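Working notes, beginning with the structure itself.
Rendered as structure tokens:
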């Protein structure tokens, strides 16, 4: 076998006591010679078990606790940089209960559950009301590879493998006779569990002197068969020897075992804690059980490593350090234009000696993030002959797996199981041998895939390599995920400006002459929201159909259905993946589905906005994170094409009418009347309210929302928007009594503002409609005609007509001739305007 180096050891086995380390050594298949001395003050034993290269580390003699463990592991990681995970193996205090029949010699294994990762630091936290102590902070859970094989081991125990630990212990004691005295199982009759209220009788003696009447009665158990318990382990810097405190904390948190080191290393190295039970965390002494408990814990650790596949760094088979690798599946875009500022910023970050190790390119789907990353990759290839570049599409777990298999093949990592390939690639790229590299994850949009464990695979973030010479670049439409993955090292890709959009459009069109009409070209690009993907899609359609820009503009501008059809048409693009549709609508539908899964409330917000004006929205969290909305100063706006795409999705899923009603209900609740104190508020809501009432889906529901429409009309009139105020007629019908009342009110408002000619026109039309709807003798009709007469005489003569139809001024007579008096007095309807 080739000489081993520090890089070849992948498993840390940490022991607090010499007796625990002795049990660990007894479990090894073979021991290795010490490696050359380093400045590390830690003491290590090296060995092998089932192909795993293992480092056994000792804590300083007599110096125990979480701080000591953290110091040992942090130095260990510097000396052995390829460690995959740790095993904290030794003795601990058990917490027996009715639901967990824990006994001396049993084994407790840390297992994630609820809000904890398997270990809780019970003495670190805050005092809360009522005198209670609440632990704070969350410790990392064990690595995924151990958790999955723990499940496998647990299943074997359920189907007849419960004697495996006993068999291993017996085998070790037979092969190491000198261990029998210290590590053999004590008599089961010495396993004393006293009631919590009963304390040890004699301070310096064992429990032979304790009152056996206070023993807890338990069911007999098979002699010498340790049980395995999985659950929460409590860690702290003090020895737990108080049964009342033990029970209180155990009941509060669900604790199975107490110990003193694990909390110090869980966040330093992914670690599984394995504890053999040697006492019950009370005042009673059980020293004779320590050796056996240490041996049962070590036996479980060996059983686990026997089912976990071994993993080697394959240092002897790695290719030459000087080999540069190139794995980018997309061709360079010869028509790439613009984005100079973004690319220069990215180049600056990537080449900086002290630059960030992770960077994200963020922006709306279709804005050109992939194209920026692709151009950057090709430029870096041309400029740096030593840098390897790997491109990983990240649209699914399966595609990521396939990409890592290809990387492993390129790197010559041919050994091991396919399930371990990502970890092999991680280890290689984390080594100095890998040299300089750039790892690009394109379309890293799915938060769960990156930050949450999936089935039997760990979160992808846990498999990212770390190297002084390596950089990782993400493209993502999910800015919140970008912040999580890169610690806010983000380069946003904004919408194109008008000039850049035109240049891209021109580069894609076969007939450049269609751009001669600058006004039509500008209008079309504005309708496409200057989005590169939409521009490319439009250019492809125009090229295929031989359309001029005016014809395409008419299609996409006039009818929303036609715009949707155009934006849904797939097209070939060598700069995008062949197995993924390129249409704008399809691209955004992927984001919308991710939002629905990640945050249904945000998806509801998006549906809500689709029914109102997409400009000047309130802050909407996740929608902004996915770049569906954009900020302009203090306002938030929805991208125009996103607005169209969302409305289309709602219609296809028969949800649009439902959301129109929900929006109408909300607006009717919040929209104010036209009192002058509400002016700022109604101006904020008017664009959204008008978008709602002008929608065809609102028409069948119009009569249910008269108050809303009335308030809209009144507020428009108060703002001097009189023609828009009359839009209410299209909602309830121009002869509806409420419409006529609203028109009369508008006329009065105009007159009070000194706009009597406008008021006369509105009231005259109102009188005609009232006559047709209610008849000439209806009180409302006659009253309106009476008022109209007064206003007309005043407008044209300065005089006032009286109630009986007479006037003192001769100048009023020509106008009075337009009316006749009825028997009851008020003027009749023989008028003309």
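Numbering (the UniProt record's numbering), first residue to last: 1 to 833. Ideal Cβ placement from N, Cα and C applies to all residues, glycine included. Remember, it's a predicted structure, so these values are computed and weren't measured experimentally.
Can you give the Cα-Cα distance for residue i and residue j, rounded to whole angstroms?
i           : j           : result
residue 779 : residue 659 : 41 angstroms
residue 699 : residue 767 : 26 angstroms
residue 682 : residue 379 : 53 angstroms
residue 310 : residue 122 : 34 angstroms
residue 686 : residue 478 : 31 angstroms
residue 481 : residue 448 : 10 angstroms
residue 407 : residue 304 : 29 angstroms
residue 621 : residue 221 : Any reading at residue 621 is ruled out, since the residue's pLDDT is 45, under 50, leaving its predicted position unreliable.
residue 237 : residue 103 : 23 angstroms
residue 547 : residue 651 : 29 angstroms
residue 320 : residue 386 : The pLDDT assigned to residue 320 is 44, lower than 50, so where the model puts this residue is not dependable; a value taken from the coordinates is nonetheless given after this. Answer to the nearest angstrom: the Cα atoms are 12 angstroms apart.
residue 425 : residue 413 : 8 angstroms
residue 495 : residue 673 : 38 angstroms
residue 275 : residue 106 : 8 angstroms
residue 5   : residue 35  : 7 angstroms
residue 549 : residue 504 : 15 angstroms
residue 339 : residue 333 : 13 angstroms
residue 240 : residue 259 : 8 angstroms
residue 600 : residue 446 : 15 angstroms
So if DSSP puts residue i in a beta bridge, which residue, or which two residues, is it bridged to?
i           : result
residue 31  : 47
residue 307 : Beta-bridge pairing links residue 307 to no other residue.
residue 230 : 109
residue 391 : 440
residue 433 : Partner(s): none; residue 433 has no beta bridge.
residue 279 : 93
residue 15  : 58
residue 120 : 234
residue 85  : 11
residue 210 : Per DSSP, none; premise fails for residue 210.
residue 766 : For residue 766, which the question treats as bridged, DSSP gives no partner whatsoever.
residue 698 : Paired residue(s): none; residue 698 is not in a bridge.
residue 492 : 362
residue 473 : 359, 440
residue 326 : 389
residue 194 : 215
I'd like to know whether the C-beta atoms of residue i and residue j end up nearer to each other than 7 angstroms.
i           : j           : result
residue 169 : residue 295 : yes
residue 117 : residue 87  : no
residue 55  : residue 85  : no
residue 362 : residue 492 : yes
residue 444 : residue 394 : yes
residue 705 : residue 759 : no
residue 539 : residue 509 : yes
residue 93  : residue 247 : no
residue 89  : residue 299 : no
residue 13  : residue 26  : no
residue 464 : residue 422 : no
residue 47  : residue 28  : yes
residue 256 : residue 146 : no
residue 656 : residue 697 : yes
residue 70  : residue 376 : no
Using a Cβ-Cβ cutoff of less than 6 angstroms, which residues in the same chain neighbour residue i once the five nearest sequence positions on both sides are dropped?
i           : result
residue 150 : none
residue 207 : 192, 284
residue 466 : 430
residue 9   : 53, 55, 80
residue 180 : 173
residue 497 : none
residue 214 : 194, 195, 198
residue 16  : 59, 64, 90, 261
residue 225 : 166
Taking 8 angstroms as the limit between beta carbons, can you name the residues of its chain near residue i, skipping five residues before and five after?
i           : result
residue 267 : 139, 140
residue 707 : 668
For residue i, collect the residues of the same chain with a Cβ closer than 7 angstroms to its Cβ; drop the 5 residues on either side in sequence, then sort them by chain order.
i           : result
residue 501 : 525, 530, 535
residue 153 : 303, 304, 307
Are there any heavy atoms of the ligand SAH lying less than 6 angstroms away from the beta-carbon of residue i, as far as the coordinates show?
i           : result
residue 408 : For the ligand SAH, the structure offers nothing, since it holds no ligand at all.
Whether or not the stretch 348-362 and the stretch 301-309 are in contact is what I'm after, with contact meaning three or more pairs of Cβ atoms, one per stretch, closer than 8 angstroms; do they touch?
no
If you pair each beta-carbon of the stretch 459-478 with each one of the stretch 352-368, do three or more pairs fall below 8 angstroms?
yes
Can at least three beta-carbon pairs, one atom from the stretch 176-195 and one from the stretch 271-287, be found at a separation below 8 angstroms?
yes
Should the stretch 25-42 be regarded as contacting the stretch 64-84, the criterion being three or more beta carbon pairs within less than 8 angstroms?
yes
Stretch pair the stretch 227-244 + the stretch 105-119: three plus CB contacts closer than 8 angstroms:
yes
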